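K.L.:
The opening residue of the sequence shown carries number 1 in the UniProt record's numbering; numbering runs sequentially from there.
Think of the CB as a built atom: it goes at the ideal place given N, C-alpha and C, for glycine as much as any other residue.
This structure is a prediction, so every number in the text was calculated from the model and none was measured.
This structure is in structure tokens; I'll ask about it shortly.
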Amino acid sequence: MNNPQNLPIQSDIIIDVIDFGIWPESESFNDRELRARYYIMKSARDDTGHGSHTASTAAGRPVNASFYGIVECRQDHCEALNILSAFDDAIRDGVDMISVSLAEDVAHNLPNDVIAIGALHGILVVQAAGSDGDKASIGSVAPWIFSVAASSTDRAIITKVTLGDETTKSVNSFSLHGTSLPIIYGDETRCHKEVASVGGLEVIAYVSSSDVSYVVPTAASSLNGDDFNSIQSYYNST
């Protein structure tokens with residue numbers, strides 16, 4: 001279509017990612033050039049999964065992007081000095097874009113916002129809007145930073161957990177495709193975080209946040225408090 005809004009997909013882009021490191025063996029990066037720096041620990045490897053996740057999202061499949069100067073924080077903590085050093089290195093390397101998936105719970109005054117200061121150098125900086133703080137608020141407010149915040153979603157993956165007594169519980173998770181599985185309590189696996197290692201096929205868990213999606217190494221269904229308690233009661237009665 002001859003639409004001026006249908007811009008051509010860009011290529012040969014160099015993205016600098018300021019995050020918690022990266023796992024270069026991931027299939028998401030099998031056709032990407034990676035170069036990494038570290039500022040705290042003596043390795044740029046990702047030990048939380050966050051940096052690898054955001055880096056793969058930043059480059060995507062349609063964009064022919066390489067990563068230069070992937071930098072890191074550690075244990076959900078980033079020192080201001082390290083963040084500014086990361087910006088300095090990115091500017092010196094001549095990257096096309098800087099992705100910063102870090103944000104405070106609340107917005108700071110711009111003279112005290114280390115990311116806003118580092119971003120004011122003529123390079124497009126994409127920063128996370130933040131996942132915490134008050135409702136309808138964001139932690140990234142500098143007018144020269146690109147942030148996108150979503151307050152709702154128009155889609156969900158809905159299925160049902162059906163118990164032996166035909167009681168159903170709706171969850172926002174994956175489909176069991178009608179598979180029937182026995183229920184055991186977490187203590188019986190010796191450690192609820194090691195379900196897969198003892199042959200468990202699925203986890204039914206209680207979550208307090210209905211708008212947060214967690215990535216876990218086995219099939220899982222997340223329920224609210226009332227539904228989870230009813231399943232516990234069902235388990236205790238059988």
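Which same chain residues, not among the five before or five after leucine 120, have their C-beta less than 7 Å away from its C-beta?
P.N.:
So the list reads Trp144, once near-sequence residues are dropped.
K.L.:
What residue range does the beta strand (DSSP E) around glutamate 35 cover?
P.N.:
Reading off the sequence, residue 35 comes out as arginine, not glutamate. Its beta strand (DSSP E) spans residues 34-36.
K.L.:
From the DSSP secondary-structure annotation, give me the bridge partner or partners of isoleucine 98.
P.N.:
Partner(s): Asp16, Val125.
K.L.:
Indicate the three-state DSSP secondary structure (helix, strand or coil) for threonine 189 in the structure shown.
P.N.:
Residue placement at threonine 189 is flagged as unreliable, the pLDDT there being 41, under the threshold of 50; a coordinate-derived value is accordingly withheld.
K.L.:
Would you check if the segment 101-113 and the segment 134-142 touch, i.e. whether three or more CB-CB distances between them fall below 8 Å?
P.N.:
Segments in contact, yes.
K.L.:
Using a threshold of 9 Å, state whether the C-beta atoms of arginine 37 and aspartate 89 are closer than that.
P.N.:
Yes, Cβ-Cβ distance for arginine 37 and aspartate 89 is below 9 Å.
K.L.:
Count the other CB atoms within 10 Å of the CB of aspartate 227; is the residue buried (16 or more) or exposed (fewer)?
P.N.:
Its Cβ being crowded by 16 or more others within 10 Å, aspartate 227 is buried.
K.L.:
Buried or exposed: where does phenylalanine 29 fall if 16 or more other Cβ atoms within 10 Å of its Cβ makes it buried?
P.N.:
Buried, because 16 or more other Cβ atoms sit within 10 Å of the Cβ of phenylalanine 29.
K.L.:
Give me whichever residues DSSP pairs with arginine 45 in a beta bridge.
P.N.:
Note: arginine 45 sits in a beta bridge opposite Ile22.
K.L.:
Check this for me: beta carbons of alanine 116 and glycine 130, under 9 Å apart or not?
P.N.:
For alanine 116 and glycine 130, no; Cβs fall outside 9 Å.
K.L.:
Mapping the DSSP letters down to three states, classify leucine 120 as helix, strand or coil.
P.N.:
In the structure shown, leucine 120 sits in coil (DSSP, three-state: anything other than H, G, I, E or B).
K.L.:
Phenylalanine 29 bridges to which residues according to DSSP?
P.N.:
Paired residue(s): none; phenylalanine 29 is not in a bridge.
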